[in-house]
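Enquirer:
2 protein chains.
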Amino acid sequence: MNETIELLNSHRSIRKFKGERLGQATIEELVRAGQAAATSSFLQACTVIQVEDPDKRAQLAECAGGQAYVADAAAFLVFCADMKRHQLCCEMHHAEMQSGFTEQFITATADCALFAQNVAIAAESLGLGIVYIGGLRNRIDRVAELLKLPDLVYPVFGLCLGYPDQDPEVKPRLPLDVVLKKDGYDDSGDLERIRAYDDNVREYYRTRTGGNKEMSWSEQISGMLIKEARPHMLAFLQRQGFLKR
Amino acid sequence: MNETIELLNSHRSIRKFKGERLGQATIEELVRAGQAAATSSFLQACTVIQVEDPDKRAQLAECAGGQAYVADAAAFLVFCADMKRHQLCCEMHHAEMQSGFTEQFITATADCALFAQNVAIAAESLGLGIVYIGGLRNRIDRVAELLKLPDLVYPVFGLCLGYPDQDPEVKPRLPLDVVLKKDGYDDSGDLERIRAYDDNVREYYRTRTGGNKEMSWSEQISGMLIKEARPHMLAFLQRQGFLKR
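Which chain is which? The protein sequence lines are A and B, in order. First residue of the first sequence? That's 4 in my numbering, and the numbers climb one at a time after it. First residue of the second sequence? That's 4 in my numbering, and the numbers climb one at a time after it.
1. Relative to chain B, which residues along the stretch 200-217 of chain A have a C-beta separation below 7 Å, given in chain order?
2. The alpha helix (DSSP H) spanning residue 158 (chain B) covers which residue range?
3. Counting contacts by CB-CB distance shorter than 9 Å, is residue 191 (chain A) in contact with chain B?
4. Examine chain A for any beta-carbon lying closer than 9 Å to the beta-carbon of residue 78 (chain B), and answer yes or no.
5. May I ask which residues mark the beginning and end of the alpha helix (DSSP H) holding residue 193 (chain A)?
6. Mind listing, in chain order, the continuous alpha helix (DSSP H) runs of no fewer than 4 residues lying wholly within the stretch 81-167 of chain B?
7. Using a Cβ cut-off of 9 Å (strictly closer), state whether residue 71 (chain B) contacts chain A.
8. With a threshold of 9 Å between beta carbons, is residue 187 (chain A) in contact with chain B?
9. Between residue 49 (chain B) and chain A, is any beta-carbon pair separated by less than 9 Å?
10. Once the 5 residues before and after residue 201 (chain A) are set aside, which same chain residues still bring their CB inside 7 Å of it?
11. Can you pull the DSSP bridge partners for residue 50 (chain A)?
12. Excluding sequence positions up to five away, which residues of its chain have a Cβ less than 8 Å from the Cβ of residue 62 (chain A)?
13. Please name the residue in B:55, B:69, B:26 and B:107 whose C-alpha comes closest to that of residue 18 (chain B).
14. Can you tell which of B:46, B:78, B:5 and B:8 has its C-alpha closest to the C-alpha of residue 27 (chain B)?
15. Within 9 Å of any Cβ in chain B, is that where the Cβ of residue 137 (chain A) sits?
16. Which residues in the same chain have their Cβ closer than 6 Å to the Cβ of residue 118 (chain A), if we skip the five residues on either side of it in sequence?
17. Can you confirm whether the stretch 92-103 of chain A touches the stretch 188-198 of chain A when touching is taken to mean that 3 or more C-beta pairs between the two stretches lie within less than 8 Å?
18. Looking at the unbroken beta strand (DSSP E) that takes in residue 184 (chain A), where does it start and where does it end?
19. How is residue 78 (chain A) classed by DSSP in three states: helix, strand or coil?
20. Residue 159 (chain B) versus chain A: which residues are under 8 Å apart at the beta carbon?
21. Here's the rule I'm using: 16 or more other beta-carbon atoms within 10 Å means buried, otherwise exposed. How should residue 133 (chain B) be labelled?
22. On the three-state DSSP scale, how would you describe residue 239 (chain A)?
23. Which two residues bound the contiguous alpha helix (DSSP H) that contains residue 56 (chain B)?
24. For residue 85 (chain A), I'd like the list of residues in its chain whose CB is within less than 8 Å of its CB, leaving aside the five on either flank, ordered along the chain.
25. Can you pull out the residues from the stretch 147-158 of chain B whose beta carbon lies closer than 7 Å to at least one beta carbon of chain A?
26. Which residues of chain A have a Cβ atom closer than 9 Å to the Cβ of residue 75 (chain B), listed in chain order?
27. Excluding the 5 residues preceding and the 5 following residue 165 (chain B) in the sequence, name in chain order all residues of the same chain whose CB lies nearer than 6 Å to its CB.
28. Could you check whether the Cβ of residue 244 (chain B) sits closer than 9 Å to any Cβ belonging to chain A?
29. Is residue 20 (chain B) helix, strand or coil by DSSP?
30. Do residue 123 (chain B) and residue 179 (chain B) have their C-beta atoms within less than 9 Å of each other?
31. For residue 227 (chain A), report the span of its alpha helix (DSSP H) as first-last.
32. Could you tell me whether the stretch 9-17 of chain B touches the stretch 171-178 of chain B, where touching means 3 or more Cβ pairs closer than 8 Å?
33. Measure from the C-beta of residue 23 (chain B) to each C-beta in chain A and report whether the shortest distance is under 9 Å.
34. Using 9 Å as the limit for Cβ to Cβ distance, is residue 18 (chain B) near chain A?
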């Protein structure tokens, strides 16, 4: 295993950061590394909003359900799926853009995630810690307003970055044979594999919380999925010009 | 700049591979590195299908619009957004899963992209070349059938891996100030920046093709976006149980 793979395998989310800031040159280095990721059909559909304004940070932390590290992290980036610049390209060439396709939503969303993961890895390679903030989608309309996002742009997730002030364990992942299949989908046997994994996850939480939390993976997932999942999302995205057809 | 960031910045798609195969241990090492990526709410919503069967490979190459390297690459992986295993978790706990939310589609799709990008970087760190195959979505119904994908699973993209038998240049990316904004979205000035970038891209294609192709970025984008984008996508995804509300 080489150093890069060791780095990838050592990822854990960091939610407590030292006060030390990041220089703008570092942030730009990270974003350039993000741009180097593959992009679907060369669309380059990701725009990053670096939020420095403390008041905006505080409001975004609220939007994310009160995650204080959104306000406290050395840097906070919001990755936006952006088809507006493609509309600009069409205008430059007097062409009428066909927008609102689900396919475009997939490519723009995937572009952001590939981009962001490069930023995350580059950051971790510099000794920084990161945590993705999907919680921004709790109040996605308010986030879009705060960041002045126009039509054809939506915030996929945020990313906190900073020097770690904690050293959590790596969280155990599903057994390999649950996530890797050969030649076709076949989940026979996965039930038993998930039961074995449940024991690992229960043990992980027990150790980490000194016995205060003992929850298996399947319990956690089923507890989450009996509830509605951000039911405002489709209407919001359609208002922004996505997922209309 | 450290070695990891250099590796990220040196990415280019590889579409011509040497015959040398990859051992199963290597593929498993790459997939484990993929699993180590962040996952939204611990959902772990990515399943990888490793396609070894030569007939299936050939048919997938056809689905992708005749991309021969899908058949020829040392390995071909299909990254599937998978909420079926969460249904299994709900069944284990006699809970009724609320599915079909757009939010779940976003998290599962993003999970796959984060996972895949870790696989891609791990592969490149081992001297392998990669290319993402979004073209699978041309004939996504056929791909789902070939790979026996059940409800609540969809193929986001494929990934070819192998030892590079070509050495293409890194493709120039948009200027940093087009993709990185501070505190809010503001694209004033982007038109001029894109015009300058257009010259870079035209030069890149001219050099790469010995003068046979001279196309700017904005021309390429506008030429693509005047057409419908895989208009079958929404109906397919809804049939699979996604994007219903």
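Glycine residues also receive a C-beta, built at the ideal position from the N, C-alpha and C atoms. Here the structure is a predicted model, which means the values were calculated and not measured.
Expert: In this structure, then:
1. none
2. On the second sequence, position 155 is the one that residue 158 (chain B) refers to. That residue, residue 158 (chain B), is in no alpha helix (DSSP H); its beta strand (DSSP E) goes 156-165.
3. Your numbering for residue 191 (chain A) matches position 188 in the first sequence. It does not: the Cβ of residue 191 (chain A) has no partner Cβ on chain B nearer than 9 Å.
4. As a working note, residue 78 (chain B) is residue 75 in the second sequence. No, residue 78 (chain B) does not count as interfacial toward chain A.
5. Residue numbering aside, residue 193 (chain A) sits at position 190 when the first sequence is read from its first letter. Unbroken alpha helix (DSSP H) run through residue 193 (chain A): 193-211.
6. 87-95, 105-128 and 143-149
7. The sequence position of residue 71 (chain B) within the second sequence is 68, counting from 1. Closer than 9 Å: no.
8. Residue 187 (chain A) sits at position 184 when you count from the first residue of the first sequence. At least one chain B Cβ lies under 9 Å of residue 187 (chain A).
9. Along the second sequence, one-based indexing puts residue 49 (chain B) at 46. Yes, because at least one Cβ of chain A sits closer than 9 Å to the Cβ of residue 49 (chain B).
10. Here residue 201 (chain A) corresponds to residue number 198 of the first sequence, with the count starting at 1. Excluding positions up to five away in sequence, the list reads 219, 220 and 221.
11. Looking up residue 50 (chain A) in the first sequence gives position 47. Residue 50 (chain A) is bridged to A:83.
12. Against the first sequence, residue 62 (chain A) aligns to sequence position 59. Around residue 62 (chain A): 145 and 149.
13. As a working note, residue 18 (chain B) is residue 15 in the second sequence. Per the Cα distances, B:69.
14. Here residue 27 (chain B) refers to the residue found at position 24 when the second sequence is read from its first residue. Out of B:46, B:78, B:5 and B:8, B:78 has the C-alpha closest to the C-alpha of residue 27 (chain B).
15. By one-based count along the first sequence, residue 137 (chain A) stands at place 134. Interface residue, yes.
16. By one-based count along the first sequence, residue 118 (chain A) stands at place 115. Excluding sequence neighbours, residue 118 (chain A) sits near 37, 40 and 49.
17. no
18. As a first step, residue 184 (chain A) is located in the first sequence; it is residue number 181 there, counting from the start. 183-185 is the span of the beta strand (DSSP E), which, as asked, contains residue 184 (chain A).
19. Reading the first sequence from its first residue, position 75 is the one you call residue 78 (chain A). Three-state result, residue 78 (chain A): strand.
20. Here residue 159 (chain B) refers to the residue found at position 156 when the second sequence is read from its first residue. Correct list: 109 and 113.
21. The sequence position of residue 133 (chain B) within the second sequence is 130, counting from 1. Buried is the call here.
22. Working through the first sequence from its first residue, we reach residue 239 (chain A) at position 236. Looking at residue 239 (chain A) - three-state DSSP - the assignment turns out to be helix.
23. Locating residue 56 (chain B) in the second sequence gives position 53, counting from the first residue. Unbroken run through residue 56 (chain B): none, as it is neither H nor E.
24. Translated into the one-based positions of the first sequence, residue 85 (chain A) becomes position 82. Excluding residues within five positions, the ones whose Cβ falls inside 8 Å are 48, 49, 50, 111, 155 and 156.
25. 150, 151, 152, 153 and 156
26. The count along the second sequence starts at 1 and reaches residue 75 (chain B) at position 72. Chain A residues near residue 75 (chain B): none, gap ~17 Å exceeds 9 Å.
27. Against the second sequence, residue 165 (chain B) aligns to sequence position 162. Closer than 6 Å at Cβ, skipping near neighbours: 20, 76 and 77.
28. Working through the second sequence from its first residue, we reach residue 244 (chain B) at position 241. Residue 244 (chain B) does not count as touching chain A.
29. The residue you call residue 20 (chain B) lines up with position 17 of the second sequence. Three-state result, residue 20 (chain B): strand.
30. What you label residue 123 (chain B) is simply residue 120 of the second sequence in a count that begins at 1. What you label residue 179 (chain B) is simply residue 176 of the second sequence in a count that begins at 1. No.
31. As a working note, residue 227 (chain A) is residue 224 in the first sequence. Counting along the chain, the alpha helix (DSSP H) containing residue 227 (chain A) begins and ends at 220-228.
32. yes
33. For the purposes of this step, residue 23 (chain B) is identified with residue 20 of the second sequence, where counting begins at 1. So no, residue 23 (chain B) is outside the interface.
34. The residue labelled residue 18 (chain B) in the question sits at position 15 within the second sequence. By this cut-off, residue 18 (chain B) is not an interface position.
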